[in-house]
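Chains as they are written, first to last, in the working numbering: chain A, 1 to 117; chain B, 118 to 232.
Beta carbons: idealized from backbone N, C-alpha and C, even for Gly.
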């Protein structure tokens, strides 16, 4: 079965602190895709990153970075020097491949990040 | 930049009424999806649609739900007789193809409130 676990329900940090959001996934597919989305209070889903299972290189985009480790089935997200505007709910998601034959997105339960000024 | 649009942004209805949520996918996309997010919970897959057929559906997508592509641009989700527990944000998404390599683009969502 495919599953995404975000064990951190809510995290509060003070502005300028670094924060890491954890994501652990389960899948029997050898080809799969992982995503992170941001959901601000307005409710829309804002795409942050997509990573395929064959690319384990870490990625950095400005203050955001992602650490993908297949050995531990984790795809963690770090915000460096957090800002109040980073306050949102962050979702990790998984999409399958040919083995499972399903390409729907499986979302984790989300982590609510509160950045305090 | 092309985007998925959804109307209305907020719909309020009485329990037992039928509602139709509308989506306009990105024009060259062939796969369409509906997801649901009950307030404070995770986003859940409802259904995927390709070539005028449902290609996959979840156990949430029971006989009360139906989807349709009535013309070349719209993709709709109908709930026949709404229940209080149908109150949620409904997201439409589309992708060029149905493979995992093809990113699904999400619309801004329709917030459905059932009274």
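**Reduced DSSP category for residue 211/B - H, G, I as helix; E, B as strand; rest coil** = The residue labelled residue 211/B in the question sits at position 94 within the second chain. Residue 211/B: strand per DSSP, three-state reduction.
**Prompt:** Whose Cβ in chain B lies nearer than 7 angstroms to the Cβ of residue 105/A?
**Reply:** Reading the first chain from its first residue, position 105 is the one you call residue 105/A. The answer, in chain order, is 162 and 221.
**Asked** Using a Cβ cut-off of 8 angstroms, which residues of the stretch 64-91 of chain A contact any Cβ in chain B, in chain order?
**Response** 91
**Message:** Strictly below 8 angstroms CB to CB, what residues from chain A border residue 187/B?
**Reply:** By 1-based counting over the second chain, the position of residue 187/B is 70. Near residue 187/B there are no residues of chain A at all, since even the closest Cβ is about 23 angstroms away, more than 8 angstroms.
**Request:** Output the boundary residues of the beta strand (DSSP E) element that contains residue 26/A.
**Result:** Position 26 of the first chain holds residue 26/A. Residues 24-26.
**Request:** Go ahead and label residue 111/A buried or exposed: buried means 16 or more other beta carbons lie within 10 angstroms of its beta carbon, across all protein chains shown.
**Result:** Indexing the first chain from 1 puts residue 111/A at position 111. The residue is buried, with at least 16 neighbouring Cβ atoms inside 10 Å.
**Prompt:** Under 7 angstroms between the Cβ atoms of residue 208/B and residue 189/B?
**Reply:** Counting from 1 along the second chain, the entry for residue 208/B is found at position 91. Counting from 1 along the second chain, the entry for residue 189/B is found at position 72. The answer is no: Cβ separation not under 7 angstroms.
**Message:** On the DSSP bridge list, what partners appear for residue 174/B?
**Reply:** Here residue 174/B corresponds to residue number 57 of the second chain, with the count starting at 1. 164/B, per the DSSP bridge assignment.
**Asked** Is the CB-CB distance between residue 149/B and residue 166/B below 7 angstroms?
**Response** On the second chain, residue 149/B is found 32 positions in, with the first residue counted as 1. On the second chain, residue 166/B is found 49 positions in, with the first residue counted as 1. Yes.
**Request:** Kindly list, in the order they appear in chain B, the residues whose Cβ is closer than 8 angstroms to that of residue 102/A.
**Result:** Position 102 of the first chain holds residue 102/A. Within chain B, the residues near residue 102/A are 173.
**Proximal chain A residues relative to residue 165/B, where beta-carbon distance stays under 8 angstroms** = Along the second chain, one-based indexing puts residue 165/B at 48. Correct list: 103 and 104.
**Message:** Counting only C-beta atoms, is residue 50/A closer than 7 angstroms to chain B at any point?
**Reply:** Start at 1 with the first residue of the first chain, and residue 50/A comes out as number 50. Yes, its Cβ sits closer than 7 angstroms to a Cβ of chain B.
**Message:** If the criterion is Cβ atoms closer than 7 angstroms, does the pair residue 89/A and residue 15/A meet it?
**Reply:** Locating residue 89/A in the first chain gives position 89, where the first residue counts as 1. Locating residue 15/A in the first chain gives position 15, where the first residue counts as 1. No, they are not a contact pair.
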